[in-house]
Amino acid sequence: MPQDEAEAAIKAGRVSVNGRVATTPLTPVPPDAVIKVDGLPVRKEVPSHVLAFHKPPGVLTSTARQHRTGTVFEILLPQLPLELNRFTWHAVGRLDVDTTGLLLFTNDDKLVAHCTSPETNLPKRYVATVFSVADDAKVEPLRQGMMLDDGPARPAVVRVRDEHTVEVTLTEGRHHQVKRMLGAVGLPARALHREAVGDITLEGIPESGFRLLTDAEIREKLHYTGRAPAGPVSESEDA
Ligand code: URA
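In my numbering, the protein residues as written are -10 to 228.
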């Protein structure tokens, strides 16, 4: 319901929160509150929020077991201000324990599906430091689309930055995919770092730090329009 309609409904005494008639617009409402208009329950839109986190090496990307030690949650959650700590955060895909770089978190499971599904074609840009000497001929199979042991990999965009540094951009994300692709052409990775997801980068985010993306970034840089825009983070919103 648009804000002006909601305010008019509240003023007219048509809205109740947990059985009590609401009297004041913009009053924070608990996440599990039952809201009714004219006696009928309304579905509360939960806004989507996304955090861009700079994963350090040596920590696991866990999804469900948030409180397990040695995980990204152990570093991220204590840093969150109260208004962000109220949400249930899900990692958007995974990075290997030794992989560093951009890992997104969201309170919106549809956004996880959007960003991780190969159907969405959202590019993920990695940079690998490789043991052997890389050149265009060696990485050509990655560009053509190569067979991996779990099926064909889509053609990747690959740039040899220097003889030990290879940039690989994928639109899919299978287990150890970049390492397996590079390993298959004789370029085992010594280190792997994710620089970007869509057009979101780590610019301005120090290692182990995070920032909250804006609605415009979620829409324009992750191409996600699945839920209501978040607007300012409010204490009354939760996943
Ligand atoms: N590909 C890998 O091999 N490892 C990662 O962590 C991410 C992509």
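Ideal Cβ positions, reconstructed from N, Cα and C, are used throughout, including at glycine.
Handout entry: Selected residue, minimal CA-CA separation from Leu159, among Gln68, Thr109, Gly8 and Leu100
Key = Taking the sequence shown and counting its residues from 1, one reaches residue 159 at position 170. Comparing Cα-Cα distances from Leu159 to each of Gln68, Thr109, Gly8 and Leu100, the minimum goes to Thr109.
Problem - Assumed close pair His164, Val116 - CB separation to whole angstroms, cut-off 8 Å - result: The residue given as residue 164 occupies position 175 in the sequence shown. The residue given as residue 116 occupies position 127 in the sequence shown. Their Cβ separation, rounded to whole angstroms, is 19 Å, which puts His164 and Val116 out of contact at 8 Å.
Exercise for the section: For Thr105, collect the residues of the same chain with a Cβ closer than 7 Å to its Cβ; drop the 5 residues on either side in sequence, then sort them by chain order. Expected result: Counting from 1 along the sequence shown, the entry for residue 105 is found at position 116. Excluding sequence neighbours, Thr105 sits near Val81, Gly82 and Gly162.
Handout entry: Beta-bridge partners of His43, as assigned by DSSP
Key = Within the sequence shown, residue 43 is the residue found at index 54, counting from 1. His43 pairs with Leu91.
Exercise for the section: Note down, in chain order, each residue of its chain lying with its Cβ closer than 7 Å to the Cβ of Ala102, except the 5 sequence neighbours on either side. Expected result: Translated into the one-based positions of the sequence shown, residue 102 becomes position 113. So the list is empty, once near-sequence residues are dropped.
Handout entry: For Ile24, three-class secondary structure by DSSP
Key = As a first step, residue 24 is located in the sequence shown; it is residue number 35 there, counting from the start. Residue state, collapsed to three classes: strand.
Practice task
For Asp97, count neighbouring Cβ atoms within 10 angstroms of its own Cβ and tell me buried if that reaches 16, exposed if not.
Solution key: For the purposes of this step, residue 97 is taken as the residue at position 108 of the sequence shown. Asp97 comes out buried.
Practice task
State the DSSP-derived secondary structure class of Thr105, mapped to helix, strand or coil.
Solution key: One-based indexing of the sequence shown puts residue 105 at position 116. Thr105 falls in the helix class under three-state DSSP.
Handout entry: Val167 - containing alpha helix (DSSP H), residue span
Key = Numbered from its first residue, the sequence shown carries residue 167 at position 178. Residues Gln166 to Ala173.
Practice task
State the start and end residues of the unbroken beta strand (DSSP E) segment that holds Lys113.
Solution key: Stepping through the sequence shown from its first residue, residue 113 is reached at position 124. Element bounds for Lys113: Lys113 to Val119.
Problem - Touch test, the segment 150 to 159 against the segment 120 to 132, Cβ-Cβ under 8 Å, three pairs minimum - result: yes
Handout entry: Thr50 and Leu92 closer than 8 Å at C-beta
Key = Along the sequence shown, read from residue 1 onward, the residue named residue 50 stands at position 61. Along the sequence shown, read from residue 1 onward, the residue named residue 92 stands at position 103. In contact: Thr50 and Leu92 (Cβ atoms closer than 8 Å).
Exercise for the section: Alpha carbon to alpha carbon, how far is Glu72 from Ser5? Give it in angstroms, no decimals. Expected result: As a first step, residue 5 must be located in the sequence shown, where it is residue number 16. As a first step, residue 72 must be located in the sequence shown, where it is residue number 83. Looking at the two C-alpha atoms, the distance is approximately 24 Å.
Practice task
Can you say whether Gly2 is buried or exposed, counting buried as having 16 or more other CB atoms within 10 angstroms of its CB?
Solution key: On the sequence shown, position 13 is the one that residue 2 refers to. The residue is exposed, with fewer than 16 neighbouring Cβ atoms inside 10 Å.
Handout entry: Beta carbon shell of the ligand URA at less than 5 Å from a heavy atom
Key = Leu84, Asp85, Thr88, His165, Gln166, Val167 and Lys168
Problem - Test item: CB-CB of Leu211 and Leu40 under 8 Å - result: Taking the first residue of the sequence shown as 1, we reach residue 211 at position 222. Taking the first residue of the sequence shown as 1, we reach residue 40 at position 51. No.
Handout entry: Val230 versus Pro36 - alpha carbon distance
Key = Residue coverage of the chain in this structure runs from -10 to 228, which leaves residue 230 outside it and unanswerable.
Practice task
Determine the contact status of Pro112 and Gly187, defining contact as a CB-CB distance below 8 Å.
Solution key: Counted from its first residue, the sequence shown places residue 112 at position 123. Counted from its first residue, the sequence shown places residue 187 at position 198. Against a cut-off of 8 Å, the Cβ pair of Gly187 and Pro112 comes out as a contact.
Practice task
Report yes if the C-beta distance between Phe199 and Leu100 is below 8 Å; otherwise report no.
Solution key: For this step, residue 199 is matched to residue 210 along the sequence shown. For this step, residue 100 is matched to residue 111 along the sequence shown. No, Cβ-Cβ distance for Phe199 and Leu100 is not below 8 Å.
Exercise for the section: Using the Cα positions of Glu192 and Phe42, report the straight-line distance between them to the nearest angstrom. Expected result: As a working note, residue 192 is residue 203 in the sequence shown. As a working note, residue 42 is residue 53 in the sequence shown. One C-alpha to the other measures close to 11 Å.
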